[in-house]
Each structure stands twice: as C-alpha cells, then as structure tokens.
Amino acid sequence: MKNRYQPTRIETGLSLLALAVLVGIGAAIFHSQFEFNPAVDVGRTALPDNRRPAATGDSAAGRGWSGLLPDMTLLTPPEVFEAANLSDKINGKADLYLSAGFRQLKSQRFKMDGNENSWLEIFVYDMGSLQNAFSVYSQQRREDAAADKSGRFSYRTENALFFLHGPFYVEIIGSEGTEPLRGQMHIFAQNFIQNTPVSAEKLEELELFPEQNLDPGSPALIADGGFGYERFKQIFTAVYTEGDIRMTAFLSRRSNQEEARQLVQGYHDFLITYGGKALKTTLPLKDVHLVDILGNYELFFARGNYLAGVHEAADRELAEQLALLLDKKLSEGGR
1 MKNRYQPTRI ETGLSLLALA VLVGIGAAIF HSQFEFNPAV DVGRTALPDN
51 RRPAATGDSA AGRGWSGLLP DMTLLTPPEV FEAANLSDKI NGKADLYLSA
101 GFRQLKSQRF KMDGNENSWL EIFVYDMGSL QNAFSVYSQQ RREDAAADKS
151 GRFSYRTENA LFFLHGPFYV EIIGSEGTEP LRGQMHIFAQ NFIQNTPVSA
201 EKLEELELFP EQNLDPGSPA LIADGGFGYE RFKQIFTAVY TEGDIRMTAF
251 LSRRSNQEEA RQLVQGYHDF LITYGGKALK TTLPLKDVHL VDILGNYELF
301 FARGNYLAGV HEAADRELAE QLALLLDKKL SEGGR
C-alpha cells in the first residue's frame, strides 16, 4: 500500500506544461519533496568503520547515545550536521528537510558485541516542531512500512525503525534485518523517548479529516509547493478510497480568513492557466471552486482560516461528497 504522498498525473501534467511556458519554474519544487529516503541508502551502503569525521559541538565528548544502548558497542563518535552541510550526510538530497524547518542532525553508529557486521546507525533530526517533524516523517514513509509499537507516529521495515518524538524525527537503519538488531532499535527508541523531554504539541489538523473511507497511514504534510503550486505551504493531506476511486483531501490553516480566500483564488487561477476548465457547482460552500483538469476534478474552498478541498478525483460526485464531509468536520470544530 502506498502510504506517503505521491506525485499524481495532474501534477506531472502541470509541471510539463509549466516547463513548456517558462523553463524550470516550479519543476524543482515539485520533484524535490518526493525523493526516496536518503538515510536508507546511507544505512545500507556505509562501511562499519571509524572513518567518519570527528564529532563537533555539544557531542564532542564522543560517547553520545551510549547510555541508551547499554548492550551495544560504540562504533563511531557522534556526528553533528547543520543546514550548511546536511547534504554531505544524506547524499546531497537535503531539500525536503531544509524546506520543512530543519535545525540539526545528530548521527552515530553502534555494533553488536562480537559481530562487526551487525550494526546500526541512528539519525536524529531536530526539526524545530512536531509539525515540521511530521512533514518529513510522512513524506519519507516507505511503501513497505508496517505499523510499530513505538508510538502513534512510528513504523518499521525489515532493517529499520522510524518514529517521531516531539520535534525530533528519528531513523534507525540497520546493516541487516535480524531479530537481535531490531530489538536494539526498540530499546533505543524507548530510552530516547523516556530521556528526551518534549512539549505536549498536537497535530490538530489530523483530527479534521473525515474517517469514512480514509486510508490508514495516509495522512501527510507537504511543507512547500503542494500540488505543484508554489504558494501552497503546510498542506495536510489524506487519501480516500471508495471502490476503485482514489482521491486526496487536503486542508491548511492560514493566519486569517483573507489569506485563506486569496490562496483559494490563487490556486484556481493557477489551474486555469495550465489548462483547467472552471465548472459550476451547487455545493453550499463559501468561496468554492470546481476545476476539471486533465480529466480529473479539483474542488476547493475556504472555511474560516482554513483552505480545504479534494485533489485529483476521477469522480465528480464522490469529490463533492468528500468536500461536504470535510466542510462539516471543519464546521464542527468551530473553524
């Protein structure tokens, strides 16, 4: 099941049209946010030796997270990466993190006692807030992910564990998928959570998505350039499936009602510019727009400080039904 947000046919078409009109505008934004998790490549290909750069900053003591993994042996000193050199660590693919508010990355490797080839590397990204961390977590979510017990926002693959804790997005990548190594990943996760105080932030937007036909694990957050439109920032999305129809609901809280209305109008103009056809709708929604583009429907509106809508729906009636459910949830929440 595809859990994280994927670029769609409409977005691909819009990008190509934009390229034909004015070369390069929007293409970099559109494609950069959907790169495969670079840390996974690091975990699978890095050699288990001590040739990494020496630690800097507050991790210079060299022991790092040793106390959180008492049954493993320190393999490398901790490393610290800032915005200026983040791409050095993750193969130059740092745009997703930087656009989402990245502050700092700390990483370190440990090995199983008596087995040089069984090791894991820990990546702790300080994203500054839970919302920023969720953006990276949701966009990086693997297609072969399975739910994990490390918290509401956690999942695992054969050789890795991923989770959120407050503003921290954590990846633990193992050299292999053995049970002992996976057990150590969970020990670190439990100890990290217990020993790292965070504020009681919540992602209230996730509670505003209707539950009917919602695909579990699909909610995500696009930090920048949502749906190929550069003004769409901090866009929460969730995938809905009814029969063989898949569509994406979205919403975003803005600073005030006027900003929400302006973004709705701006997105309408953007779609029309690149071949969309405006349609009339009788939905009882304020500032509502319905656009047919590349054979699919975009339906979006403003509700108080929120912009919301349905993205790339093949069925107009289903798109309208989902839009009404979304508006109802926003209304019930006093938005």
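1 is the number of the first residue of the sequence shown in this note's numbering; add one for each residue after it. Glycine is no exception: its CB is placed at the ideal position from the N, C-alpha and C atoms. As the structure is a computational prediction, the values presented were derived from the model and not from experiment.
Integer-rounded CB distance, given that Ile293 should sit under 8 Å from Gly276: Counting from 1 along the sequence shown, the entry for residue 276 is found at position 276. Counting from 1 along the sequence shown, the entry for residue 293 is found at position 293. About 4 Å separates the two Cβ atoms, so the contact holds.
Pick helix, strand or coil for Gln108, following the three-state DSSP scheme. Taking the sequence shown and counting its residues from 1, one reaches residue 108 at position 108. Of the three classes helix, strand and coil, the one that applies to Gln108 here is strand, per DSSP.
To which residues of the same chain is Asn132 closer than 6 Å at the C-beta, ignoring the five residues directly before and after it? Start at 1 with the first residue of the sequence shown, and residue 132 comes out as number 132. Answer for Asn132: Ala100, Gly101, listed in chain order.
Would you say Asp88 and Arg103 are within 7 Å of each other, going by their C-beta atoms? The residue given as residue 88 occupies position 88 in the sequence shown. The residue given as residue 103 occupies position 103 in the sequence shown. Against a cut-off of 7 Å, the Cβ pair of Arg103 and Asp88 comes out as no contact.
Relative to the C-alpha of Arg231, which residue among Leu307, Leu290, Glu158, Ser138 is closest? As a working note, residue 231 is residue 231 in the sequence shown. When each option's Cα is compared against that of Arg231, the closest is Leu307.
Cα separation between Arg340 and Gly226? Because the chain in this structure spans residues 1 to 335, residue 340 falls outside the shown range and cannot be described.
From Ala147, Ile245, Val264, Thr73, residue whose alpha carbon lies closest to that of Ser252: Residue numbering aside, residue 252 sits at position 252 when the sequence shown is read from its first letter. Checked all of Ala147, Ile245, Val264, Thr73; the closest Cα to Ser252 is Val264.
Could you check which residue in Glu116, Asn85, Gly304 has the C-alpha nearest to that of Ser175? Position 175 of the sequence shown holds residue 175. Considering only alpha carbons, the answer is Glu116.
What is the C-beta distance between Gly177 and Phe163, in whole angstroms, given that I count them as a contact (C-beta under 8 Å)? Your numbering for residue 177 matches position 177 in the sequence shown. Your numbering for residue 163 matches position 163 in the sequence shown. Incorrect: roughly 17 Å between the Cβ atoms, too far for contact.
With a threshold of 16 other CB atoms inside 10 Å of the CB of Asp336, please say whether the residue is buried or exposed. Coverage of the chain is limited to positions 1 through 335, which leaves residue 336 absent and any answer about it impossible.
Name the DSSP beta bridge partners of Glu298, please? Working through the sequence shown from its first residue, we reach residue 298 at position 298. Paired residue(s): Val291.
Determine, using beta-carbon pairs with one atom in the region 192 to 211 and one in the region 320 to 329, whether at least three such pairs fall under 8 Å. yes
Under the three-state DSSP convention, the category Tyr137 falls into: Sequence index remark: in the sequence shown, residue 137 carries index 137 (1-based). Reduced to three states, the DSSP call for Tyr137 is helix.
Among Glu320, Leu96, Lys93, the one whose alpha carbon lies nearest that of Phe300: Here residue 300 refers to the residue found at position 300 of the sequence shown. Comparing Cα-Cα distances from Phe300 to each of Glu320, Leu96, Lys93, the minimum goes to Glu320.
Closest to Lys181 by C-alpha separation, out of Gln257, Gln194, Thr157, Lys280, would be which residue? To locate residue 181, count along the sequence shown from 1; it is residue 181. The identity of residue 181 in the sequence shown is Leu, whereas the question assumes Lys. Nearest C-alpha to Leu181: Thr157.
Exposed unless 16 or more other CB atoms sit within 10 angstroms - verdict on Ser107: For the purposes of this step, residue 107 is taken as residue 107 along the sequence shown, with counting starting at 1. It counts as buried.
Using DSSP with H/G/I as helix, E/B as strand and the rest coil, what is Glu116? By 1-based counting over the sequence shown, the position of residue 116 is 116. In this structure, Glu116 counts as strand in the three-state DSSP scheme.
If you draw a straight line from the C-alpha of Ile29 to the C-alpha of Gly64, how long is it? Translated into the one-based positions of the sequence shown, residue 29 becomes position 29. Translated into the one-based positions of the sequence shown, residue 64 becomes position 64. Only weak support is given to the placement of Ile29: the predicted model assigns it a pLDDT of 37, under 50, and the question is left unresolved by the model.
Kindly indicate which three-state DSSP category Ala189 falls into: helix, strand or coil? The count along the sequence shown starts at 1 and reaches residue 189 at position 189. If DSSP states are grouped into helix, strand and coil, Ala189 belongs with the helices.
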